[in-house]
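The next block holds one structure in the form of structure tokens; read it before the comments.
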Amino acid sequence: MNDEAKTYAELLEEMTMLRQRNAELEAQAAEHRQAEARFRLLVENSTDLICCHTPDGVYLYASPACRPLLGYDPEDLVGHSAYEFFHPEDRAAIAASHATVLEQPTVSTVSYRIRRKDGMYIWFETTSHAIRAEQTDEIVEIHTVSRDITARKQMEAALRESEARYRAVIESQVDLISRYRPDTTLTFVNDAYCRFYGKTREQLIGQSYVFMVAPEFRDLVRQETENLARNPRQIIGEYLNYRHDGKECWIQWVVQCIRNEHGQVVELQAVGRDVTDRKRAEEALVENELKYRMLFKSMGQGFYVAQILYDEDGMPCDFMYLDVNSAFEHIIGLQQEQLIGKTYNELVPPDPESGWLDCFKRVALTGIPENYTFPSKIYNRYFEVYAFKPDEGKFSALVKDITESKQMEAALRESEERYRLLAEAAHDMIFILNRDGTVDYVNRFAAQQLGRLPEEIIGRSQAELFRSSDAEHQKDSLRQVFEAGQPVYIENPTQFPNQRMWLGTWLVPIKDEAGQVKSILGVSRDITERKRIEEALEKRIVALTRPMETAEGIAFEDLFNLADIQHLQDLYAKAFGVAALITRPDGTPITQPSNFSELCGDIIRKTSKGLKNCNYSDAMIGKYNPSGPNIQPCLSAGLCNAGASISVGGRHIANWLIGQVRNETQNEEEIMQYAREIGADETAFRAAYRKVPIMSQEQFERVAQVLFVLANQLSTSAYQNVQQARFIAERKRAEQALQSKTAELDRYFTSSLDLLCIADTDGYFRRLNPEWETTLGYTIAELEGRQFLEFVHPEDLDATVAALSQLASQNQILNFENRYRCKDGSYRWIEWRSYPSEKMIYAVARDITERKQVEAAIRTLNAELEQRVHVRTAKLEAVNKELQSFAYIVSHDLKAPLRAINWLVQWLLDDYAEAFDAKGQEMAELLMGRVKRMDNLIDGVLEYSRIGRIIGQAEPLDLNQLLPDVIDSLSPPPGIQVVIASALPLVFGDIVRVQQIFANLIGNAMKFLDKPQGIITIRCEEAGADWQFSVADNGPGIDPKYHNKIFQIFQTLKPRDEMESTGVGLAIVKKIVEFYGGKIWVESEVGSGSTFLFTFPKQGGRL
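So the sequence shown is numbered by the numbering used here: it starts at 71 and just counts up by one.
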């Protein structure tokens, strides 16, 4: 029973625990649902693009952020592969990241370019991770979060450029430059650093720089680095370091801290200078650029977070500000402390027409974000608000002041309506064409010309509206505008339904915000009449400008308006009662007959024989006669006729004929006989003859004289017309040449990278090229017409006014420099070359700001270097004095005891020879050898110290003569041959030093030869600005590990007891070679002989 009770109690306890667990799970589920809702709200309102993809990259979901980022709606992306939108050059990197996500349980981040809906590419940074099924562990989805990093990429590019400049400056330095982390790990070293330590950059980076200093300084260096990380400052320290050749060098290090935006030390930069080398002054670093720039700026839109307030019915009625940004403060005109804790209704008077509170209530109730635009009478502004509910009981809004854009929209609508009315009222054909050639707009006048309604034209292509040849010609012009983006004017004939007309058309590009041509505005005008007049005028000009010497010359109708001449001829004939006609020199008519009689016009000239006789008579009567009129009876009917020739420049071009009158002396029967000859009707002929006017011979001659005067006047006018036409043609050619040259100069003016300026001597800008906008930041419109002295730096005004005075006096100004103010308030240095021409100034200028900055930096560095050189020189002088004292001490105080020891031993040997046994004799001789060795060492040290301190006389040295003397002085032993294998040059230097170089190298080769037959070969060849000498032998060779050691003073490869040597010779050679600006090295392997090579400058180096 007790067990059952216990079991029952346990069951009750377990049930209680299960209920509690169930309650906890339900609470967790509710919390998860709330979290899911918050996360969904966060995703929907996130400015990052959040997407779900199938494992192969097809979009399953895209957050609304795709609209502002890419211009696509989410449904535009769903179902498409993301690879469709990637930049072709980035697909491989994306595929690699994709494969990583599919193969490994990791998060992958990749940067790439993605195409927007408008065709442009922006940079995305996307983090991807795979979602796996719980049961199968298979990947079912890939979730990505993408952020627009275009601005960051641009900043990174600028930063890389800055770093490249910085790196170029660093790499050009001879100082040792490095950067390292607080844990002493190297992150950067320059070339000089690598050369100094004899290692590559790859070998050094990642290693601790502490191991580059001598062991006794390493703890101190570590401690100072730790102190700098805690207390950032600049320090200067000197530590013992080892060169790549094992040489100890004291390096002076200047260490500075590099901090992040939080003030924490992230790196240390060290600049080291070899303070043991007293030969040269090192270049200093120029200014360091800032390593880090601002990564982001304050939000441009107003933003606030508020607490939703509810009424007694639980409905949202107001909200209280919890936090606001500075942009919102600016929009609403209140400070943060005036807003926080206050409600909207407390701060803003009721404004029911705005509808803003209604929008707030909808978002507060539904949680659905809403874009709302409304006018505020209180602030007299337009606002665009994106309202959303970030959390339960909270309300947030992004607020943008769009008043200016609204005003611009209203002005744009008004302007568009005004221009539409103008277009519809115009008698020009106005139209807009899309990129595909279809009509987007056409005015009524253009539609009327095409015989259609506007709505019947819109949407149609040119090929549907015009003949194929006309449409093809238009297509070429349109393509030119779309490609170049510049207006084009064309003239071309076009066939319309009722007529063919010439059109003069302006094609103007209409561009989108990105500057791409999206459509073309065309305005066409009927220029058919103008073309007809131009064609006629062109023909006349061509004719009139022909050389007068050509036989075909000039036609009468080319010189005169025939309608005017016809009217003059009619008036003359009517006034004098005669018939009149103007013909060509061959008698063919030019004008219509005036006052012709029935006899001549209707009877005689109607017969073939009579017409032929009349034309012949006209030619004869009009024969060229500059002295007077030709007066004679008609060669056809015998009536009174006269003619006067019309000429131009002595060229007979026409005849003016009069006549068809008779006098009382003429016989009617004779004229009737002529009627029978030509086959005319005699009755009609007689009746017509009797109607011919009668005029006395005297009267007819007076009328002919008037004709002659009139014809001469026409000849004079014709000549003047020719001269005027030639003047017009010449002027037209000159104008065309001037236009061509002007266009060429304009192209140069607008495309020049220099600053081009035309000003007047009163100091006003008259014309500037676009490069001024790039340099100063002002638009051309803001500069032209203003006095340039307004922009000159106050300190440069006097010099500029003086230069302007010189220009006003017609003096050129070359290489003048002054500073001009930019639109942002900064100043740029400008260098001018100005040329005056009367009241105008023509100038070419160049922005030299960067050059000025470099010059200033160089002056600063030069001053610093001069100071350092001064200090170093003083130190060198002190050291030289110390060396001179040392040399004196060595040469006198040290050698004197040696000489005493040597004499003492010699006296002992001479005076007490019998007292020494063989061993004593050997020890005495050994002592004398050691004294001799010590004497040679002292001599070597003295010689070594003199190099570079005591400079001999430099002179030209012919090595072809000097080297044999050196060889003879060394007295090569039998079995050793010294060969000069090439011609030797003339060098400039101190003869003693040059002899020392060759004597030491050749003497060493002789000393260490280990073969019965030794060969020492001397060669010389050109090596750029240097001569390269080599001294090669067939001796035992030198192990490469000793190649650097042998050039150090007192260093020998064999014990001195085996091979007597001071170890100073090669050190002296090295010092001499380097003193002259050369270098020396050895190439050798054990058993292969040795070749010592050194360079010597052709110009003598340091003389």
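Note that beta-carbon positions come from the ideal geometry of N, C-alpha and C, so glycine has one too. All of these numbers come straight from a predicted model, not from anything done at the bench.
Measure the C-alpha to C-alpha separation of residue i and residue j and round it to an integer number of angstroms.
i                 : j               : result
glutamate 440     : methionine 385  : 18 Å
glutamate 622     : alanine 745     : Residue placement at glutamate 622 cannot be trusted, given a pLDDT of 47 that sits under 50; what the coordinates show is reported in the next sentence. Going by the C-alpha atoms only, they are around 37 Å apart.
glutamate 211     : arginine 217    : 20 Å
serine 875        : glutamate 800   : 41 Å
asparagine 839    : glutamate 901   : 16 Å
tyrosine 456      : leucine 111     : 14 Å
valine 113        : serine 133      : 7 Å
lysine 459        : valine 259      : 54 Å
proline 563       : glutamine 636   : 33 Å
alanine 1051      : arginine 1089   : 5 Å
threonine 677     : serine 687      : 15 Å
aspartate 1184    : arginine 721    : For residue 1184 there is no data in the structure shown, the boundaries of the chain being 71 and 1173.
glutamine 783     : tyrosine 789    : 10 Å
cysteine 704      : aspartate 640   : 21 Å
valine 1156       : methionine 1076 : 17 Å
phenylalanine 770 : cysteine 710    : 8 Å
aspartate 510     : glutamate 525   : 10 Å
glycine 555       : histidine 543   : 18 Å
With a Cβ-Cβ cutoff of 7 Å, do residue i and residue j count as a contact?
i               : j                 : result
alanine 774     : alanine 813       : no
threonine 214   : cysteine 121      : yes
serine 706      : cysteine 684      : yes
threonine 508   : serine 539        : no
isoleucine 275  : leucine 246       : no
histidine 157   : tyrosine 129      : no
isoleucine 701  : alanine 781       : no
leucine 379     : phenylalanine 389 : yes
glycine 855     : aspartate 894     : no
glycine 647     : proline 567       : no
asparagine 1030 : aspartate 315     : no
glycine 1084    : isoleucine 1142   : no
serine 667      : glutamine 730     : yes
glutamine 339   : isoleucine 328    : yes
valine 336      : alanine 299       : no
Tell me residue i's beta-bridge partners as DSSP assigns them.
i                  : result
proline 563        : Trp572
arginine 490       : For arginine 490, which the question treats as bridged, DSSP gives no partner whatsoever.
cysteine 827       : Leu838, Ala913
tryptophan 977     : Beta-bridge pairing links tryptophan 977 to no other residue.
serine 1154        : Ser1160
phenylalanine 1166 : Trp1097
arginine 249       : Phe258, Gln339
arginine 185       : Tyr191
cysteine 122       : Tyr131, His213
tryptophan 902     : Phe886, Ala915
glutamate 318      : Tyr312
Kindly give me the distance between the Cβ atoms of residue i and residue j, rounded to whole angstroms, as I take these residues to be in contact under 8 Å.
i               : j             : result
alanine 203     : valine 171    : Not really, about 16 Å apart at Cβ, beyond 8 Å.
isoleucine 1108 : valine 1152   : 6 Å
glutamine 527   : serine 589    : It is worth fixing the name first, because residue 527 is isoleucine in this sequence and not glutamine. That pair is no contact at about 15 Å.
aspartate 917   : threonine 849 : 17 Å between Cβ atoms; not a contact.
leucine 974     : alanine 994   : About 10 Å; that fails the 8 Å criterion.
tyrosine 312    : tyrosine 279  : Rounded, the Cβ-Cβ distance is 13 Å, inconsistent with contact.
glutamate 852   : aspartate 824 : Not quite, the Cβ-Cβ distance comes to about 20 Å (not below 8 Å), so this is no contact.
glycine 1105    : leucine 1136  : About 14 Å; that fails the 8 Å criterion.
Are the region 421-434 and the region 394-412 touching, with three or more C-beta to C-beta distances below 8 Å?
no
Quick check: the region 847-867 against the region 886-895, are at least 3 beta-carbon pairs closer than 8 Å?
yes
Would you say the region 738-757 touches the region 815-826, given that touching needs at least three Cβ pairs under 8 Å?
no
Whether or not the region 719-733 and the region 685-695 are in contact is what I'm after, with contact meaning three or more pairs of Cβ atoms, one per stretch, closer than 8 Å; do they touch?
yes
Contact between the region 471-489 and the region 505-525 is defined here as three or more beta-carbon pairs at a separation below 8 Å; is this criterion met?
no
Answer yes if the region 1061-1078 comes into contact with the region 1036-1044, meaning at least three C-beta pairs across the two stretches below 8 Å, and no otherwise.
yes
Give a yes or no on contact between the region 593-602 and the region 572-583, applying the rule of three or more CB pairs nearer than 8 Å.
yes
Between the region 442-455 and the region 465-480, do at least 3 Cβ pairs fall closer than 8 Å?
yes
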